[in-house]
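In this note's numbering, the protein residues as written are 9 to 188. Don't be surprised by glycine CBs; every beta carbon is placed ideally from N, CA and C. Quick caveat: nothing in here was measured; it's all calculated off a predicted structure.
So this is what it looks like as structure tokens:
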């Protein structure tokens with residue numbers, strides 16, 4: 009018995025066979041690039057470790073700050089205030105020299121807040137220490153007027169900083185508003 013094979017059938021068979029081979033080759037030759045946190049995760053990549061420091065200590069701020077401008081909230085007076093009321097429950101009194109000018113007041117206020125962190129309960133925030141935790145909020149709150157404190161209680165003020173772990177004042181501009 010002799011089977012007659014049509015040329016058309018042979019061509020179709022060969023094309024299907026080639027397509028199957030190409031798809032198998034493609035599937036096994038490519039790496040599986042999984043998307044993780046918006047980036048491609050590469051498996052089995054060699055990692056080189058360096059003993060020398062890759063990022064200098066002076067560059068560390070550029071990775072978490074939105075600006076390369078120098079920070080303004082570096083008042084040493086604020087550090088004295090934090091040390092004075094640290095670890096005790098004395099009533100906080102802001103001395104007049106912290107409130108000499110509006111600029112001075114704002115810089116001292118944000119210098120106190122620079123050391124504050126309000127991490128949500130049962131959430132991690134990395135390792136190490138985060139400033140002086142919640143302690144600076146009660147000091148910073150005392151920069152406000154009596155009228156403002158009547159509108160916003162301390163707990164609401166402190167909660168407004170939930171999950172804010174560091175504050176840098178990078179710009180200070182005068183805003184003219186005679187009503188405030």
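- About 19 Å separates the Cβ atoms of residue 180 and residue 144, ruling out a contact at the 8 Å cut-off.
- Annotated three-state conformation of residue 107 is coil, per DSSP.
- A straight line joining the alpha-carbon of residue 26 with that of residue 173 spans about 59 Å.
- Shown here for residue 171: same chain residues with a beta carbon closer than 6 Å to its own, the five before and five after excluded, namely 128 in chain order.
- CA-CA distance, residue 148 to residue 80, rounds to 16 Å.
- In its chain, beyond the 5 residues on either side, 81, 175 have a beta carbon closer than 6 Å to the beta carbon of residue 122.
- The straight-line gap separating the alpha-carbon atoms of residue 24 and residue 17 is approximately 11 Å.
- For residue 146, the uninterrupted alpha helix (DSSP H) segment begins and ends at 143-149.
- For the pair residue 86 and residue 120, the CB atoms are nearer than the 8 Å cut-off.
- Straight through space, the alpha carbons of residue 161 and residue 178 are spaced by roughly 27 Å.
- Under the DSSP assignment, residue 91 falls in the alpha helix (DSSP H) whose first and last residues are 84-93.
- Under the three-state reduction of DSSP, residue 123 is assigned to coil, being neither helix nor strand.
- When the Cα atoms are used, residue 182 and residue 152 turn out to be separated by approximately 18 Å.
- In terms of Cα proximity to residue 124, the closest of 103, 30, 168, 78 is 168.
- Around the beta carbon of residue 115, a 10 Å sphere encloses 16 or more other beta carbons of the protein chains shown; the residue is thus reported as buried.
- Around the beta carbon of residue 33, fewer than 16 other beta carbons lie within 10 angstroms, which makes this residue exposed.
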